[in-house]
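Chemist: Just so you know, we're using our numbering here: the sequence shown kicks off at 543 and counts up by one. Even for Gly, the Cβ is constructed at its ideal location relative to N, Cα and C. Here you go, one structure.
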Amino acid sequence: MKSSTKVVTVFGGSGFVGRYVVSLLAKDGWQVRVPVRDPHHAKFLCPCGDVGQVVPLVIDVFDEEAVSHVIAGSDAVVNLIGILFEGGRQRFDYLQASLPGVIGLAAKHAGVRALIQMSAIGADVRSFSAYGRSKAEGELAAKSSFPGVTIMRPSIIFGPEDDFFNRFARMSVISPFLPLIDGGRVKFQPVYVGDVAHAILKAVNNPKDYGGSVYELGGPRVLSFRRCLEVMLRQIRRDRLFVSLPMWIAKVQAFFFGVLPNPPLTLDQLKMLQNDNVVSSHALGVGAFGIDPVDVELILPTYLSRYRSGGGK
């Protein structure tokens, strides 16, 4: 007999988005399981809830039986696992293309009510990018095994731990120049991590309302790459010169960066940067969850101030 306590399993719960999702779920009264490779790296999540409410569990996601075991007894499952580049066992074809199907099938067999799959704007089986193709293949795998899956496709996500505005803010501290790939024309629709987490919470709690649909999550404004950097520089009160990098030069740099363990840019990421990353005009968005998205310029000052000259306010 299943316990009356609501149980949710959050794959990728120790990541950037995951910490916000776990915190909201715990505050909402859910018992939260967080499957991770190293539970010591996820201990920071435990204070998000009462004692024993948030439980990191050791798991090898390459072991399908282990995935099924950790999902058993869950009422809801959230899959936030994703990588930006490949290395070692971390490959697009399994983690982003196949694993969602494994999780979906296990969720179906466990009688899970709600499954949320994190994807990305730009997911397309015809994409020139392996990242974009694998995200689309993951969506298809999840739908095939769990037709009621809720798919979230965010644009770039910003927040205190993001790897976009923080990365370029750090760069601006040590360099008088900032690179603009292909003139910085590609467009984004930055969405606040808190808004993404609230959308996921709504989908977990209301699978009949949100299940079986795809949502593209973006903020209130569309900004070019150049404009994103201009907004960031204004917040940290620094003036920097923009250097436009033709695509062929960026490709040469990305080729050599690709051999690094944590590359700042890869050839595959460059392929993604050749297309705008904005919500489609016909797509369901954050408004479907009753969320009024937060503007990027309201949040950036709360975490970029440390990059200001002298670290001042």
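Would you tell me roughly how many angstroms separate the C-alpha atoms of methionine 660 and serine 714, rounded to the nearest one?
Modeler: Residue mapping note: residue 660 aligns to position 118 of the sequence shown, counting from 1. Residue mapping note: residue 714 aligns to position 172 of the sequence shown, counting from 1. In a straight line, the C-alpha of methionine 660 is about 31 Å away from that of serine 714.
Chemist: Looking at the unbroken beta strand (DSSP E) that takes in asparagine 621, where does it start and where does it end?
Modeler: Taking the sequence shown and counting its residues from 1, one reaches residue 621 at position 79. Residues 618–621.
Chemist: Could you compute how far the alpha carbon of arginine 848 sits from the alpha carbon of glycine 736?
Modeler: Stepping through the sequence shown from its first residue, residue 848 is reached at position 306. Stepping through the sequence shown from its first residue, residue 736 is reached at position 194. Cα to Cα, arginine 848 sits roughly 21 Å from glycine 736.
Chemist: Would you report the Cα separation of glutamine 595 and serine 822, rounded to the nearest angstrom?
Modeler: By 1-based counting over the sequence shown, the position of residue 595 is 53. By 1-based counting over the sequence shown, the position of residue 822 is 280. Approximately 38 Å between the Cα atoms of the pair.
Chemist: In its own chain, which residues sit with a C-beta less than 6 Å from the C-beta of glycine 753, not counting the 5 before and 5 after it?
Modeler: Looking up residue 753 in the sequence shown gives position 211. Closer than 6 Å at Cβ, skipping near neighbours: Gly690, Thr692.
Chemist: Out of Lys750, Phe586, Asn819, point me to the one whose CA is closest to glycine 761's CA.
Modeler: As a first step, residue 761 is located in the sequence shown; it is residue number 219 there, counting from the start. Among Lys750, Phe586, Asn819, the Cα nearest to that of glycine 761 is on Asn819.
Chemist: Mind pulling the alpha helix (DSSP H) runs of 4 or more residues that sit fully within the region 666–709?
Modeler: Entirely contained in the region 666–709, the alpha helix (DSSP H) runs reaching 4 residues are, in chain order, 672–687.
Chemist: Where does phenylalanine 627 land, buried or exposed, given buried means 16+ other C-beta within 10 angstroms?
Modeler: Within the sequence shown, numbered from 1, the residue matching residue 627 stands at position 85. Result: buried.
Chemist: Could you pull out every residue in the same chain whose Cβ sits closer than 7 Å to the Cβ of threonine 551, ignoring the five residues on either side in sequence?
Modeler: By one-based count along the sequence shown, residue 551 stands at place 9. For threonine 551, where only same-chain residues beyond five positions count, the Cβ hits under 7 Å are Arg575, Pro577, Val612, Ile613, Ser616, Val619.
Chemist: Give me the residue from Leu641, Ile716, Ile658 with the minimum Cα distance to alanine 745.
Modeler: Here residue 745 is taken as the residue at index 203 of the sequence shown, counted from 1. It is Ile658.
Chemist: Alpha carbon to alpha carbon, how far is alanine 830 from phenylalanine 706? Give it in angstroms, no decimals.
Modeler: Position 164 of the sequence shown, counted from the first residue, corresponds to residue 706. Position 288 of the sequence shown, counted from the first residue, corresponds to residue 830. The straight-line gap from Cα to Cα measures roughly 26 Å.
Chemist: On the DSSP bridge list, what partners appear for threonine 551?
Modeler: Within the sequence shown, numbered from 1, the residue matching residue 551 stands at position 9. Partner(s): Arg575, Val619.
Chemist: Between alanine 683 and glycine 624, is the Cβ-Cβ spacing less than 8 Å?
Modeler: The count along the sequence shown starts at 1 and reaches residue 683 at position 141. The count along the sequence shown starts at 1 and reaches residue 624 at position 82. Not a contact, by the Cβ cut-off of 8 Å.
Chemist: In the region 728–807, which residue ranges form an unbroken beta strand (DSSP E) of at least 3 residues, counting only runs that do not cross its ends?
Modeler: DSSP runs (the beta strand (DSSP E)) wholly in the region 728–807: 756–759, 783–787.
Chemist: If distances are taken between C-alpha atoms only, which option among His651, Gln632, Leu826, Ser556 comes closest to valine 756?
Modeler: Residue 756 sits at position 214 when you count from the first residue of the sequence shown. Of the listed residues, the one whose Cα sits closest to valine 756 is Leu826.
Chemist: Where does proline 598 sit, in a helix, a strand or coil, going by DSSP?
Modeler: The count along the sequence shown starts at 1 and reaches residue 598 at position 56. In this structure, proline 598 counts as strand in the three-state DSSP scheme.
Chemist: At which residues does the alpha helix (DSSP H) containing glutamine 659 begin and terminate?
Modeler: As a working note, residue 659 is residue 117 in the sequence shown. No alpha helix (DSSP H) holds glutamine 659; the beta strand (DSSP E) holding it covers 656–660.
Chemist: Here's the rule: buried if 16 or more other CB atoms are within 10 angstroms of the residue's CB, otherwise exposed. What is histidine 824?
Modeler: The residue labelled residue 824 in the question sits at position 282 within the sequence shown. Per the 10 Å Cβ criterion, exposed.
Chemist: Throw me the rounded Cβ distance for the leucine 783 and valine 773 pair, which I believe falls under 8 Å.
Modeler: Numbered from its first residue, the sequence shown carries residue 783 at position 241. Numbered from its first residue, the sequence shown carries residue 773 at position 231. Not confirmed; about 17 Å, so no contact.
Chemist: For a quick check, are the C-beta atoms of leucine 743 and leucine 599 less than 8 Å apart?
Modeler: Looking up residue 743 in the sequence shown gives position 201. Looking up residue 599 in the sequence shown gives position 57. No, these two residues do not count as a Cβ contact at 8 Å.
Chemist: In whole angstroms, give me the CA-to-CA distance for serine 669 and arginine 561.
Modeler: Here residue 669 refers to the residue found at position 127 when the sequence shown is read from its first residue. Here residue 561 refers to the residue found at position 19 when the sequence shown is read from its first residue. Cα to Cα, serine 669 sits roughly 30 Å from arginine 561.
Chemist: Would you report the Cα separation of lysine 548 and glutamine 573, rounded to the nearest angstrom?
Modeler: Taking the first residue of the sequence shown as position 1, residue 548 is located at position 6. Taking the first residue of the sequence shown as position 1, residue 573 is located at position 31. Their Cα atoms are separated by approximately 6 Å.
Chemist: Between which residues of its own chain and isoleucine 833 is the CB-CB distance below 7 Å, once the five residues before and five after are set aside?
Modeler: By 1-based counting over the sequence shown, the position of residue 833 is 291. Excluding sequence neighbours, isoleucine 833 sits near Asp737, His740, Ala741.
Chemist: Rounding to the nearest angstrom, what Cα-Cα distance links isoleucine 723 and methionine 814 in this structure?
Modeler: Here the question's residue 723 lines up with position 181 in the sequence shown. Here the question's residue 814 lines up with position 272 in the sequence shown. Between isoleucine 723 and methionine 814, the C-alpha separation is close to 12 Å.
Chemist: So, using beta-carbon positions, are leucine 587 and valine 564 closer together than 8 Å?
Modeler: In the sequence shown, residue 587 corresponds to position 45, counting from 1. In the sequence shown, residue 564 corresponds to position 22, counting from 1. Against a cut-off of 8 Å, the Cβ pair of valine 564 and leucine 587 comes out as a contact.
Chemist: Whole angstroms is fine: what's the gap from cysteine 770's alpha carbon to alanine 652's?
Modeler: Position 228 of the sequence shown holds residue 770. Position 110 of the sequence shown holds residue 652. Those two C-alpha atoms are separated by around 43 Å.
Chemist: Terminal residues of the continuous beta strand (DSSP E) containing proline 642?
Modeler: Taking the first residue of the sequence shown as position 1, residue 642 is located at position 100. Looking at the DSSP string, proline 642 is not in any beta strand (DSSP E); the run it does join, the alpha helix (DSSP H), is 641–651.
Chemist: Between which residues of its own chain and glycine 680 is the CB-CB distance below 6 Å, once the five residues before and five after are set aside?
Modeler: Position 138 of the sequence shown holds residue 680. Hits under 6 Å: Gln638, Ala639, Pro642.
Chemist: Which residue from Asn748, Asp837, Arg709 puts its Cα closest to that of asparagine 804?
Modeler: Here residue 804 refers to the residue found at position 262 when the sequence shown is read from its first residue. Residue Arg709 is the option with its Cα nearest to asparagine 804.
Chemist: Anyone know if the C-beta pair for serine 610 and alanine 648 falls short of 8 Å?
Modeler: Along the sequence shown, one-based indexing puts residue 610 at 68. Along the sequence shown, one-based indexing puts residue 648 at 106. Yes, the Cβ-Cβ distance between serine 610 and alanine 648 is below 8 Å.
Chemist: Quick check on this structure: which residue in Asp837, Val654, Phe558 has the alpha carbon closest to the alpha carbon of lysine 750?
Modeler: Residue 750 sits at position 208 when you count from the first residue of the sequence shown. Out of Asp837, Val654, Phe558, Val654 has the C-alpha closest to the C-alpha of lysine 750.
Chemist: What three-state label does DSSP hand isoleucine 723 in the structure shown?
Modeler: Here the question's residue 723 lines up with position 181 in the sequence shown. Isoleucine 723: strand per DSSP, three-state reduction.
Chemist: So, under 8 Å CB-CB, serine 786 and glycine 725 are touching, yes? Tell me the CB distance rounded to an integer number of Å.
Modeler: Along the sequence shown, read from residue 1 onward, the residue named residue 786 stands at position 244. Along the sequence shown, read from residue 1 onward, the residue named residue 725 stands at position 183. That belief holds up - the Cβ atoms of serine 786 and glycine 725 are roughly 5 Å apart, short of 8 Å.
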